[in-house]
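Report on the structure given below.
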Amino acid sequence: MTTAPIVFDAFAPEHRPDPYRRYALVREAVPFLDSGLGVEFVTRHAECTAILSETRWSHRDEAELFHPDAERVDLPTSFLWMDPPDHTRLRSLVSKAFTPRRVVDLAPRIRELVDGMLDRALAAGQVEAIEAIAYPLPLIVICEMLGVPEPDQEMVHRVGPALARGFDPDPVLDERERRARDEAARELIAYFRDLIARRVAEPRDDLVSALGRVHEGGDVLDEHEMLSTCITMLIAGHETTVNMVGNGLLAFARHPGQLARVRDRPELAGPAVDEILRYDSPVHMTTRTARGKLVVGERTFADGDNVCVLVASANRDPRAYADPDAFDVARYAGAVATPRHLGFALGIHYCMGAALARLEGEILWTELARRVGSLELAGEPVYRPNLLIRGLRELPLRLRA
Ligand code: HEM
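In our numbering, the protein residues as written are 37 to 437.
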């Protein structure tokens, strides 16, 4: 009971650079913590894993739970916030367009983008790495995959951060942030309505056109479903990956020995992606609601009980990981199986874009290690205030070949 303020302390602005010590305090004290706000925090790996793996823990109520104050801007609910059978139907239809082949085909373009960004950064010697690398790389990749033309990408860059901040619970947003979130949603909806209509009339070789063509036993995506899918892909696929790149660059700048290991053994670039997602997860939490009586560990939940799964705390749980606060790029490369991190979640909502995020990360870490001999902080990193999708606003870096 008296521990509740510790969790909210972890969410306080001064703890954005390092919420992990506060998570540890709570996690070591209790596996579940009543927030006093109708949501119970889940702090440990085993309990978080159990909840995310069980479909009777519904994800349908998150919008209402976190965003009771959101202006309903005619945005049809994304399948991220649906349960079976609706979730199953939509995810299956979308996966017919968002195929493994479509992701693999992006590799040469990702390599070209990474090369250009590293060329410019090395030539400059010092960059603000969020603006120079972390933001543009996933933005260009997801926009080109969807079919958002280059001149319109500036709009996505402008509205993305307001939407990402808008994922945070309404009570932590100020009036201006809530308004910015709703305006951004309105602008993106209008934009994609128009883009979808154009691509349905004149299809091209992009994901929006492909979504317009998918069908399964006579079933298709209707206009609203296409709209919510495009917006989900754009925001879920972009704002998260920005933070994977930003958090990864920071981890490598602070641990030059780990970058040297990837340089010596380039096959560690893939496992390094998983270690970054474990060590400094872009997504810190997600909610679930019990459908029926559900038992987790020693605890029994009643129908309608809400939990907030603290993914980023589970990823540092010493019950699951040896030396959990160490950044070790070989952690996922050893012969001994390391427990799965929850950075992409688990179960039916497991990140649909995981393969794309991994590809971007693997190419970037490979090239960074190969081309950059020295990577150092050139100033203090500055964090965005975001709780749910957490990451950096500014990352000044000095690079030498
Ligand atoms: C490092 C980057 C990424 C991270 C850390 C990440 C993380 C996550 C997490 C934690 C979830 C589950 C959320 C929940 O259960 O509340 C999720 C779902 C999702 N992600 Fe990602 N994501 C990333 C990149 C991407 C990309 C690149 C795309 C698309 C191109 C994408 C598309 C999606 C979609 C569509 C879902 C919903 C899946 C469902 O509900 O069935 N994500 N992601």
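Backbone N, C-alpha and C fix where the C-beta goes; we use that ideal spot for every residue, glycine too.
Here the structure is a predicted model, which means the values were calculated and not measured.
About 6 Å separates the beta carbons of V163 and L433, which is inside the 8 Å limit, making them a contact pair. Contact annotation: L428 and P417 have beta-carbon atoms nearer than 8 Å. Following the DSSP letters along the chain, one finds A326 inside the beta strand (DSSP E) bounded by residues 322-326. When the Cα atoms are used, P360 and H377 turn out to be separated by approximately 11 Å. The continuous alpha helix (DSSP H) containing T124 extends over residues 122-133.
In the DSSP assignment, F77 falls within the unbroken beta strand (DSSP E) covering 76-78.
DSSP, read as helix, strand or coil, puts S89 in helix. It is roughly 13 Å from the alpha-carbon of G74 to the alpha-carbon of P205.
P417 carries a coil assignment under DSSP once its states are collapsed to helix, strand and coil.
The C-alpha of A159 is placed about 24 Å away from the C-alpha of R297. Shortest gap from the CB of L116 to any heavy atom of ligand 1: under 7 Å. Comparing alpha-carbon positions, the option among R407, A390, G333, H385 lying closest to H81 turns out to be G333. DSSP places R429 in no alpha helix (DSSP H) but in the uninterrupted beta strand (DSSP E) bounded by 428-430. Beta-bridge partners of T336 (DSSP): V331.
A contact is defined here as three or more CB-CB pairs under 8 Å, and the segment 348-366 meets this definition with respect to the segment 43-62. DSSP places F115 in no beta strand (DSSP E); its state is neither H nor E. Spatial neighbours of G248 in its own chain (CB-CB distance under 8 Å, excluding positions within 5 residues in sequence) are listed in chain order as I232, R235, V236, P239, L257, M262. Within 10 angstroms of the beta-carbon of V331 lie fewer than 16 other beta-carbons, which makes it exposed. Secondary structure at S317: coil, using DSSP grouped into helix, strand and coil. Here DSSP, grouped into helix, strand and coil, assigns V66 to coil. Measuring C-alpha to C-alpha distances from M191 to each of P375, L175, A157, N342 identifies L175 as the nearest.
Burial of Y357 is indicated by the presence of at least 16 other C-beta atoms within 10 angstroms of its C-beta. In the pairwise beta carbon analysis, the segment 126-138 is classified as not touching the segment 363-372: fewer than three pairs are separated by under 8 Å. If you draw a straight line from the Cα of G328 to the Cα of C266, it comes to about 32 Å.
Shown here for G415: same chain residues with a beta carbon closer than 6 Å to its own, the five before and five after excluded, namely P432 in chain order.
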